[in-house]
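First up is the structure itself, then whatever we jot down about it.
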Amino acid sequence: MKKDDKRLLHRALDGEVNQSETKRLQQKLEADGRMRSEYEQLKKVVKDTTRVRVEVPPDFTKKVLEETRRIKRPKP
Amino acid sequence: MDDSTIVGKCQTGQAEFYGQLVDKYSARIINLGYAMMGNRHDAEDVAQEAFVRAYKGLAKFQKKAKFSSWLYQIALNLCKDHLKAKSRHARPTDEEQMANLDGNPKDQAPRMIIQDELSGKMREAINKLPVLYRESFVLRHLQGLEYEDVSTITNVPADTVRVRAYRAREMLRESLAPNVDTFWREKAAKEKGKGKKE
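These protein sequence lines map, in sequence, to chains A and B.
The first sequence begins at 9 in my numbering and counts up one residue at a time.
The second sequence begins at 1499 in my numbering and counts up one residue at a time.
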């Protein structure tokens, strides 16, 4: 894939393409199966990233505040 | 109350307001650490340390800056320090811990929201990224920050951050979907072969 096309894919993933670029991208995706497949995979990578998460322990804030109480209060 | 007001109150001695900032940013900072280091205990320890350091530094904090960017900077530096020391005092990643369990559900991490195969693979793949690519990718996509904000936090020009995030995406794509690339390579080779015969 050409460097420019690659860059266009990534800018599209970031939602940074204008109307004419969107149209150009659509035409390229329709014509090029490999580019289409890479675009779909990249979209999936970005989407699936949001699944990598853990919960905050319920006592987290309490623990932090206990620590901060042990140190001198910040002064201006 | 916005961050700047809360910071102002803390700076004038009303430290009890600091809890509001911890509540607001704890999920983001813990998850930053989790994506950077791959272990939730390390992520919680680093996040706690980041909030304590930020509290200690509040007196010097200039209100012109964004509290969140400053906090991210502190946390990210702590993550990097931890990663540097990791080879010496490593805790296993959650993936490695899960592999060592004997299958007793009581032993399994109770606070994991997602422990499915896909998120495990994704986390593993993120952990294999070079640290500089990983930080740009995680701040942009897991934390949902704009490139300009990532640039402020990492102290790297926005264009560089952008290129690093692009490369990280490509590396993740290649590591998570290697079969698809093979398919296209083989297809291209076949077509080339056909062309030669004709």
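No residue lacks a Cβ here, since even glycine has one placed at the ideal position from N, Cα and C.
As the structure is a prediction and not an experimental result, all values here were calculated from the model.
Is residue i buried or exposed, if buried means 16 or more other CB atoms sit within 10 Å of its CB?
i, result
"A:S28", "exposed"
"B:A1663", "buried"
"B:Q1512", "exposed"
"A:L17", "buried"
"B:G1642", "exposed"
"B:T1510", "exposed"
"B:Q1488", "No answer is possible for residue 1488 of chain B: the residues shown for chain B start at 1499 and end at 1696."
"A:E74", "exposed"
"B:M1535", "buried"
"A:E90", "There is simply no residue 90 of chain A to check, as chain A begins at 9 and stops at 84 in what is shown."
"B:V1636", "buried"
"A:T30", "exposed"
Who are the neighbours of residue i on chain A, taking C-beta pairs under 9 Å?
i, result
"B:M1620", "V53, D56, T57, R59 and V60"
"B:R1671", "E46, Q49, L50, K52 and V53"
"B:L1567", "For the record, residue 1567 of chain B in the displayed sequence is Ser; it is not Leu. Residues of chain A passing the Cβ test: none, with the nearest at roughly 19 Å."
"B:L1640", "T57, T58, V60 and R61"
"B:R1632", "Correct list: empty, because the minimum Cβ distance to chain A is about 11 Å."
Can you list the residues of chain A that residue i reaches, using a CB-CB cut of under 8 Å?
i, result
"B:E1542", "P65 and F68"
"B:V1520", "F68, T69, V72 and L73"
"B:Y1532", "V60, R61 and V62"
Using a Cβ cut-off of 8 Å, pull out every chain B residue sitting near residue i, in sequence order please.
i, result
"A:Q27", "In chain order: nothing, as chain B lies at least about 21 Å away."
"A:K71", "Q1546"
Residue i by DSSP, collapsed to three states: which one?
i, result
"B:P1654", "Before going further, note that residue 1654 of chain B is Val rather than Pro in the sequence given. B:V1654 falls in the coil class under three-state DSSP."
"A:V8", "Shown here, chain A extends from 9 to 84; a query on residue 8 of chain A therefore has no answer."
"B:Q1560", "coil"
"B:L1574", "helix"
"A:M43", "helix"
"B:Q1512", "coil"
"A:D96", "With chain A represented from 9 up to 84, any question about residue 96 of chain A goes unanswered, as that position is not in the structure."
"B:Q1613", "In this prediction, B:Q1613 has a pLDDT of 49, which is less than 50 and means its spatial position is unreliable; what the coordinates show is noted afterwards. DSSP places B:Q1613 in coil when its eight states are reduced to three."
"B:G1531", "helix"
"B:L1670", "helix"
"A:D56", "helix"
"B:N1625", "helix"
Mind listing the chain A neighbours of residue i? Cutoff is C-beta to C-beta under 7 Å, in chain order.
i, result
"B:G1517", "T69 and L73"
"B:I1528", "V62 and V64"
"B:L1674", "V53"
"B:D1501", "Those do not exist, as B:D1501 stays about 15 Å from chain A at its closest Cβ, beyond 7 Å."
"B:A1525", "V64"
Output, in chain order, the set of chain B residues within a Cβ distance shorter than 7 Å of residue i.
i, result
"A:T76", "A1513, Y1516, V1550 and Y1553"
- [ ] Evaluate contact between the stretch 65–77 of chain A and the stretch 1539–1554 of chain B, counting only Cβ atoms and requiring at least three cross-stretch pairs below 8 Å.
- [x] Taking 8 Å as the limit for Cβ pairs, the verdict is that the stretch 1539–1554 of chain B does touch the stretch 65–77 of chain A.
- [ ] Take every Cβ of the stretch 1617–1624 of chain B, pair it with every Cβ of the stretch 1643–1659 of chain B, and state whether three or more of those distances are shorter than 8 Å.
- [x] Judged by pairs of C-beta atoms under 8 Å, the stretch 1617–1624 of chain B does not touch the stretch 1643–1659 of chain B, as fewer than three such pairs exist.
Open item on the list: Is it the case that the stretch 1567–1587 of chain B contacts the stretch 1534–1541 of chain B, given that we only count it when at least three CB pairs across the two stretches are under 8 Å?
Closed with: Three or more beta-carbon pairs separated by less than 8 Å link the stretch 1534–1541 of chain B to the stretch 1567–1587 of chain B, which places the two stretches in contact.
Task: Residues of the stretch 1647–1671 of chain B with Cβ closer than 7 Å to any Cβ of chain D, in chain order - done: No chain D is present in this structure, whose protein chains are A and B.
Open item on the list: Under 8 Å: do the stretch 49–64 of chain A and the stretch 1524–1533 of chain B share three or more Cβ pairs, one atom per stretch?
Closed with: Yes: at least three Cβ pairs fall under 8 Å.
Open item on the list: Check whether the stretch 45–52 of chain A and the stretch 1514–1528 of chain B are in contact - that is, three or more C-beta pairs closer than 8 Å.
Closed with: Contact fails: fewer than three Cβ-Cβ distances are below 8 Å.
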